[in-house]
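Q:
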Amino acid sequence: DSEELNLPFMKLTLNADGPMILGEQPFLYRVPGRDDLLTFTPRFHFSKDHVWFMAMVNAVLLHHVNGQPRYLSDNPDVRASSVIEIMTSKQYDSISGSEVLSKLAQRNLVIIEDHAIERDFNEDTLRLLGSLEASVNIHG
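So the sequence shown is numbered by the numbering used here: it starts at 48 and just counts up by one.
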């Protein structure tokens, strides 16, 4: 009973062998929970992507205060105006679920100093996930 669609076949060929266009400057990023700065130099295949990237960077920089992101400010009023909140895993674990939801309604939470258990990628570790074939109700 199903109709068969007779659409023309079009082959899409992507050529990623062309030279990458390197950005004019590297960017330094301070990452919460790290003492060092990360360096990133954008590389794209098309110059229009550099224009888009720089527009995004400039939009972010417009909201910096005294040359740094609001969440890094020493001023509590400036820090409170940020959409990012940095918490240690101990701080996160100490607040209630409703407090977490309240914070998430206003901000993006970045949890630092979280010490995950290191595991090998093997059959025993995959068993910790449970059965991959089992149905899981995600609606409670």
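The beta-carbon is built from N, C-alpha and C at its ideal position, and this holds for glycine as well.
Helix, strand or coil: how does DSSP classify E165 here?
A: By one-based count along the sequence shown, residue 165 stands at place 118. E165: coil per DSSP, three-state reduction.
Q: Please report the distance separating the alpha-carbon of L109 from that of L85.
A: Position 62 of the sequence shown, counted from the first residue, corresponds to residue 109. Position 38 of the sequence shown, counted from the first residue, corresponds to residue 85. Near 21 Å, if we compare the C-alpha coordinates of L85 and L109.
Q: Can you say whether P123 is buried or exposed, counting buried as having 16 or more other CB atoms within 10 angstroms of its CB?
A: Stepping through the sequence shown from its first residue, residue 123 is reached at position 76. By the 10 Å Cβ count, P123 comes out exposed.
Q: On a CA-only basis, which of I158, D121, Q72, A152 is nearest K8? Give me that one, please.
A: Absent from the model: residue 8. The displayed extent of the chain is 48 to 187, so no value can be given.
Q: V130 and N155: beta carbons closer than 8 Å?
A: In the sequence shown, residue 130 corresponds to position 83, counting from 1. In the sequence shown, residue 155 corresponds to position 108, counting from 1. Contact flag set, yes.
Q: From M101, I133, A102, pick the residue whose C-alpha is nearest to that of P116; which is it?
A: Indexing the sequence shown from 1 puts residue 116 at position 69. Answer by Cα proximity: I133.
Q: Does DSSP put L69 in a helix, a strand or coil?
A: Position 22 of the sequence shown, counting from 1, holds the residue named residue 69. In this structure, L69 counts as strand in the three-state DSSP scheme.
Q: Measure the C-alpha to C-alpha separation of N105 and S149 and round it to an integer number of angstroms.
A: The residue you call residue 105 lines up with position 58 of the sequence shown. The residue you call residue 149 lines up with position 102 of the sequence shown. Going by C-alpha positions, N105 is about 30 Å away from S149.
Q: Helix, strand or coil, according to DSSP, for V157 in the structure here?
A: Walking along the sequence shown from the start, residue 157 turns up at place 110. If DSSP states are grouped into helix, strand and coil, V157 belongs with the strands.
Q: What are the start and end residues of the beta strand (DSSP E) that includes Y76?
A: The residue labelled residue 76 in the question sits at position 29 within the sequence shown. Note, Y76: beta strand (DSSP E), 74 to 77.
Q: Could you tell me the distance, in whole angstroms, from the CA atom of Q73 to the CA atom of V147?
A: Your numbering for residue 73 matches position 26 in the sequence shown. Your numbering for residue 147 matches position 100 in the sequence shown. As written in the sequence, residue 73 is Pro, which differs from the Gln given in the question. One C-alpha to the other measures close to 36 Å.
Q: Which class does T88 belong to by DSSP, given the choice of helix, strand or coil?
A: Residue 88 sits at position 41 when you count from the first residue of the sequence shown. Three-state result, T88: coil.
Q: Going by beta carbon distance, what residues of the same chain come within less than 6 Å of S49, once the five residues before and after it are set aside?
A: Here residue 49 refers to the residue found at position 2 when the sequence shown is read from its first residue. Any reading at S49 must be qualified, since the residue scores a pLDDT of 46, below 50, and its modelled position is unreliable; the value itself is stated next. Contacts found: none.
Q: Using the C-alpha atoms, what's the distance from H111 back to F91?
A: Sequence index remark: in the sequence shown, residue 91 carries index 44 (1-based). Sequence index remark: in the sequence shown, residue 111 carries index 64 (1-based). Whole-angstrom Cα-Cα distance: 26 Å.
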